[in-house]
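Number of protein chains: 2
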Amino acid sequence: MSEPTDIGESLAATSRRRFLRKGGALVGGIVVAGGLAGSEAAAATENTDNLPPNVPEWMKTPGDPMGSQLYGTPSPFEKDVVKNIPKNLPQYLSASGRTPLQDLDGIITPNGLFYERHHGGVPAIDPEQHRLMLHGLVDKPLIFTMEDIRRFPSQSHIYFLECSGNPGYKKPYGKTASDLVGLLSCAEWTGVSLKLVLQEAGLQAGAKWVIAEGADAAAVTRSIPIEKCLEDAMLVYSQNGERLRPQQGYPLRLLLPGFEGNMSIKWLRRLHVAAEPSYSREETSKYTDLMPDGSAREFTFFMEAKSIITRPSGGQRLTSPGFHEISGIAWSGRGKIGRVDVSVDDGKSWQEAQLQEPVLTRALTRFRLPWHWDGQPAVIQSRAIDQTGYVQPTLAELLAVRGENYFYHNNAIWPWRISAGGEVTNANA
Amino acid sequence: MSEPTDIGESLAATSRRRFLRKGGALVGGIVVAGGLAGSEAAAATENTDNLPPNVPEWMKTPGDPMGSQLYGTPSPFEKDVVKNIPKNLPQYLSASGRTPLQDLDGIITPNGLFYERHHGGVPAIDPEQHRLMLHGLVDKPLIFTMEDIRRFPSQSHIYFLECSGNPGYKKPYGKTASDLVGLLSCAEWTGVSLKLVLQEAGLQAGAKWVIAEGADAAAVTRSIPIEKCLEDAMLVYSQNGERLRPQQGYPLRLLLPGFEGNMSIKWLRRLHVAAEPSYSREETSKYTDLMPDGSAREFTFFMEAKSIITRPSGGQRLTSPGFHEISGIAWSGRGKIGRVDVSVDDGKSWQEAQLQEPVLTRALTRFRLPWHWDGQPAVIQSRAIDQTGYVQPTLAELLAVRGENYFYHNNAIWPWRISAGGEVTNANA
Numbered sequence: 041m042s043e044p045t046d047i048g049e050s051l052a053a054t055s056r057r058r059f060l061r062k063g064g065a066l067v068g069g070i071v072v073a074g075g076l077a078g079s080e081a082a083a084a085t086e087n088t089d090n091l092p093p094n095v096p097e098w099m100k101t102p103g104d105p106m107g108s109q110l111y112g113t114p115s116p117f118e119k120d121v122v123k124n125i126p127k128n129l130p131q132y133l134s135a136s137g138r139t140p141l142q143d144l145d146g147i148i149t150p151n152g153l154f155y156e157r158h159h160g161g162v163p164a165i166d167p168e169q170h171r172l173m174l175h176g177l178v179d180k181p182l183i184f185t186m187e188d189i190r191r192f193p194s195q196s197h198i199y200f201l202e203c204s205g206n207p208g209y210k211k212p213y214g215k216t217a218s219d220l221v222g223l224l225s226c227a228e229w230t231g232v233s234l235k236l237v238l239q240e241a242g243l244q245a246g247a248k249w250v251i252a253e254g255a256d257a258a259a260v261t262r263s264i265p266i267e268k269c270l271e272d273a274m275l276v277y278s279q280n281g282e283r284l285r286p287q288q289g290y291p292l293r294l295l296l297p298g299f300e301g302n303m304s305i306k307w308l309r310r311l312h313v314a315a316e317p318s319y320s321r322e323e324t325s326k327y328t329d330l331m332p333d334g335s336a337r338e339f340t341f342f343m344e345a346k347s348i349i350t351r352p353s354g355g356q357r358l359t360s361p362g363f364h365e366i367s368g369i370a371w372s373g374r375g376k377i378g379r380v381d382v383s384v385d386d387g388k389s390w391q392e393a394q395l396q397e398p399v400l401t402r403a404l405t406r407f408r409l410p411w412h413w414d415g416q417p418a419v420i421q422s423r424a425i426d427q428t429g430y431v432q433p434t435l436a437e438l439l440a441v442r443g444e445n446y447f448y449h450n451n452a453i454w455p456w457r458i459s460a461g462g463e464v465t466n467a468n469a
Numbered sequence: 041m042s043e044p045t046d047i048g049e050s051l052a053a054t055s056r057r058r059f060l061r062k063g064g065a066l067v068g069g070i071v072v073a074g075g076l077a078g079s080e081a082a083a084a085t086e087n088t089d090n091l092p093p094n095v096p097e098w099m100k101t102p103g104d105p106m107g108s109q110l111y112g113t114p115s116p117f118e119k120d121v122v123k124n125i126p127k128n129l130p131q132y133l134s135a136s137g138r139t140p141l142q143d144l145d146g147i148i149t150p151n152g153l154f155y156e157r158h159h160g161g162v163p164a165i166d167p168e169q170h171r172l173m174l175h176g177l178v179d180k181p182l183i184f185t186m187e188d189i190r191r192f193p194s195q196s197h198i199y200f201l202e203c204s205g206n207p208g209y210k211k212p213y214g215k216t217a218s219d220l221v222g223l224l225s226c227a228e229w230t231g232v233s234l235k236l237v238l239q240e241a242g243l244q245a246g247a248k249w250v251i252a253e254g255a256d257a258a259a260v261t262r263s264i265p266i267e268k269c270l271e272d273a274m275l276v277y278s279q280n281g282e283r284l285r286p287q288q289g290y291p292l293r294l295l296l297p298g299f300e301g302n303m304s305i306k307w308l309r310r311l312h313v314a315a316e317p318s319y320s321r322e323e324t325s326k327y328t329d330l331m332p333d334g335s336a337r338e339f340t341f342f343m344e345a346k347s348i349i350t351r352p353s354g355g356q357r358l359t360s361p362g363f364h365e366i367s368g369i370a371w372s373g374r375g376k377i378g379r380v381d382v383s384v385d386d387g388k389s390w391q392e393a394q395l396q397e398p399v400l401t402r403a404l405t406r407f408r409l410p411w412h413w414d415g416q417p418a419v420i421q422s423r424a425i426d427q428t429g430y431v432q433p434t435l436a437e438l439l440a441v442r443g444e445n446y447f448y449h450n451n452a453i454w455p456w457r458i459s460a461g462g463e464v465t466n467a468n469a
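Right, dumping it as structure tokens:
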């Protein structure tokens, strides 16, 4: 691996040169005259295509008045930035809507674009009627209203959430970053420490699992090891400041940072403290992996370190050679991202990317690398290394170990192919 | 000031006691029988009001299918959590919509509830047609398309944004936290370093100010000291992951971390590098403060350290004595929050609140203090101390210095009065 890139130096070598050159070409003929008000600025140039309208139409009349949106929505010009919903999914078994990662910046996913995945549709729950029951191997079984839950001390954390089949191992995988890993989002969650709630009830000897049940039509049920429940598990009622969206479990969900998404039971109605797991549908028939030797890999829990370049990525196009920032996201269920390497030469060499601060545990981490594209075909890819030292593997490495029957927990490196024309496509498809 | 509260000890003394007591009362008669499936759980109690429906209605039929919302919206049960828009505002002069801070958790404001403030309505700008012109005391005047701006290296930061009249000094101030300081929000912003863009153009000797102009019907114009432009100013195109909302400057805005909000020019179309400020309407007639001696305080820029308790806060009600978490937000335009003190005895004594990590510079910081309310009338309040050591003042202290003609830059401590019945009201009204 090469030395870390000095971003300032690299900019001097690529970005600044490119922009100065382009700047010169764009505005070489401009003469700017007049005062400070927009209507007074006059300009003359040989290339009028790139001039701002002297006074654009939207400055000539007042815009939309206050109150036209009591709850705001995106610009109509962004109407194509919506959830990515695969066609022909069995609606009440494996419905999923993916976050359009290739259109997003930073690490926070806006609530309107947060990925969704459900097994029995989205229930419309009245929070006044909702109850959470906590029972089993506890001294005092308890039933909570939402007001009771809100009375507990609160905490807020930024965590990612990811479906374990993101993507599955089955070809053709998909064309865009969203097709590949769009069952992934990140938000600031607010709620209550599950540990505190369990302590209220009093755990009894032999309490090894907590079986969580959702109040949807599928009553999705998962068994959580007691260690996770006492570490960082939360009962969550808010997401990015406001109350949970219905698709994310309104009014109450479990949140298990770093664990596969389906374990963070939505519409949470019941916690049963037990000595054994429940062996529910979602941990036997589903979300387990068939190994080459015929055994089943079960209770895998952690989402391992992973990353993807979102810009440039599949479906996008580089319009000209020159400076392009490579930007993407990395995450690990094991903790913080330690480093992200980027290759622009089909894996022959790797450079260390810059990580956007703050790097938070079990949250998305944005990485960036300045790059000068010479206009030749290229393959670009990223690999995440987490704080444990684990290195994101290639797809070939994973397939060699896991075989062809595997479906979940695909955390392979995902390369993008860039053609001489600048088209970006999935290099593994 | 008393010693910092040990949150564990305090919980032992208040929260746990309260919850155990309440838990006992709530669920004392419950017998839980049956297996793991929701339909098998049977319960008997003297107080059936608090029991969960054995199988609630929303589990009996499939919920909403995938795709009913390509861009999600909140639960219908949250329909009252919307922007707080004062009545009878002159629409095209001082329109404002406030964030409902008392209903939010954490530090991120969801984009749909981000505060808005505009002077000529919200323009509907086609990003393909939008241009940014950079001219004046530069070597190369430049005109940028949005694609040009997106080609620059990017950065993301979580920063608050606050209007300088939040609230004004004029009574009656308001009833809720939103009425008082709802012209305040916080988001993760992504864009380009303004310093980098200025360097592309090449600053000339004598460049002391950058005059920024918006593409709205009011052509809102402000003068920014060059030092700020070269420190942390950004040209922003995304907010909480997605592109800016129209109300926040789509497709491009200036962002000046920690400076009064109106300087972060929205719908940014022009940057004029100059030797002198423009003395525009928004920095002479408006956003200046008339001092008791008749002089005008101008170019104040920084929003000083400030905080407010959002829960419990005006308009809310404590339904019973016992444990209540006090939670609020603190912020400073000067940098990080160093400490937040909370008083529950009308300012006689203060306790140090717990700060939610990570504490970020020029971002909201969530603070919390466990509290046992004894059911007696009380006055609660918070005061922020920032990393410079500056202490948020009382309203009386501010009025003594600034007099009665002052309007903007009110960063006073704001106390809430709690009645014996639990009603929370503005103690300064």
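Line by line, the protein sequences are chains A and B.
Throughout the first sequence, residue numbering follows the numbering used here, covering 41 to 469 in sequence.
Throughout the second sequence, residue numbering follows the numbering used here, covering 41 to 469 in sequence.
Virtual Cβ for every residue (Gly too), placed ideally from N, Cα, C.
- Beta-carbon to beta-carbon, G298/A and Y448/A are separated by about 15 Å, too far to satisfy the 8 Å threshold.
- Chain-ordered, the chain A residues with CB closer than 8 Å to the CB of G281/B read L144, D145, G146, I147, I148, T149, P150 and L153.
- Annotation: G355/A to T350/B spans about 44 Å, alpha carbon to alpha carbon.
- When only Cα atoms are considered, P193/A and K346/B end up about 23 Å apart.
- Residue burial annotation: T401/B is buried, with at least 16 other C-beta atoms found within 10 angstroms of its C-beta.
- Contact of W454/A with chain B is not assigned, every C-beta pair being separated by 8 Å or more.
- The Cβ atoms of D426/B and G461/B lie no closer than 8 Å to each other.
- Taken atom to atom, the span from the alpha-carbon of Q279/B to that of I148/A is near 9 Å.
- Judged by their CB atoms, G137/A and A257/A are not nearer to each other than the 8 Å cut-off.
- Looking at the DSSP output, G254/A sits in a beta bridge with L308/A.
- Using a Cβ distance threshold of 8 Å, N302/A and R262/A count as a contacting pair.
- Ranking V419/A, P417/A and I369/A by CA distance to the CA of P140/A puts I369/A first.
- By the Cβ criterion, the segment 244-259 of chain A is not in contact with the segment 182-202 of chain A, since fewer than three pairs of Cβ atoms, one from each stretch, lie closer than 8 Å.
- Straight-line measurement puts the Cα of V399/A at about 43 Å from the Cα of K100/B.
- Contact annotation, A273/A with L295/A: C-beta distance approximately 7 Å; criterion of less than 8 Å satisfied.
- For W413/B, same chain residues with a beta-carbon under 7 Å away, outside a window of 5 residues either side, are L358, P361, G362 and H364 in chain order.
- Secondary structure of Y132/B (DSSP, three-state): helix.
- Shortest Cα-Cα distance from N94/B to any of D386/A, L133/A, Q169/A and R379/A involves Q169/A.
- With respect to I264/A, A252/A sits close: the two C-beta atoms are nearer than 8 Å.
- Under a 10 Å Cβ-count criterion, D333/B is classified as exposed, with fewer than 16 other Cβ atoms of the shown protein chains found around its own Cβ.
- DSSP places I147/A in no beta strand (DSSP E); its state is neither H nor E.
- Not a single C-beta of chain B is nearer than 8 Å to the C-beta of K326/A.
- When secondary structure is reduced to three states using DSSP, N302/A falls in the helix class.
- Counting only Cβ-Cβ distances below 7 Å, W98/B has contacts in chain A at P163, A164, I165 and A255, in chain order.
- Proximity of M186/A to chain B, defined by a Cβ-Cβ separation below 8 Å, is not satisfied.
- Secondary structure note for D381/B: its beta strand (DSSP E) is the uninterrupted segment I377 to S383.
- With distances taken between CA atoms, E187/B lies nearest to G231/B out of G231/B, K211/B and D386/B.
- Chain B has a Cβ within less than 8 Å of the Cβ of R191/A.
- At least one CB of chain A lies nearer than 8 Å to the CB of E365/B.
- For A345/B, no Cβ of chain A is located within less than 8 Å of the residue's own Cβ.
- Using a CB distance cut-off of 8 Å, A467/A does not count as an interface residue toward chain B.
- Of the residues assessed, G415/B falls on the exposed side of the cut-off, its CB having fewer than 16 other CB atoms within 10 angstroms.
- Counting only runs of at least 4 residues, the segment 235-300 of chain B fully encloses the following alpha helix (DSSP H) elements, listed from N- to C-terminal order: 266-271.
- Segment contact: the segment 305-320 of chain A against the segment 205-220 of chain A, fewer than three CB-CB distances shorter than 8 Å; contact not assigned.
- Closer than 8 Å to the CB of Y213/A there is not a single CB belonging to chain B.
- Among the CB atoms of chain A, one or more fall inside 8 Å of the CB of F117/B.
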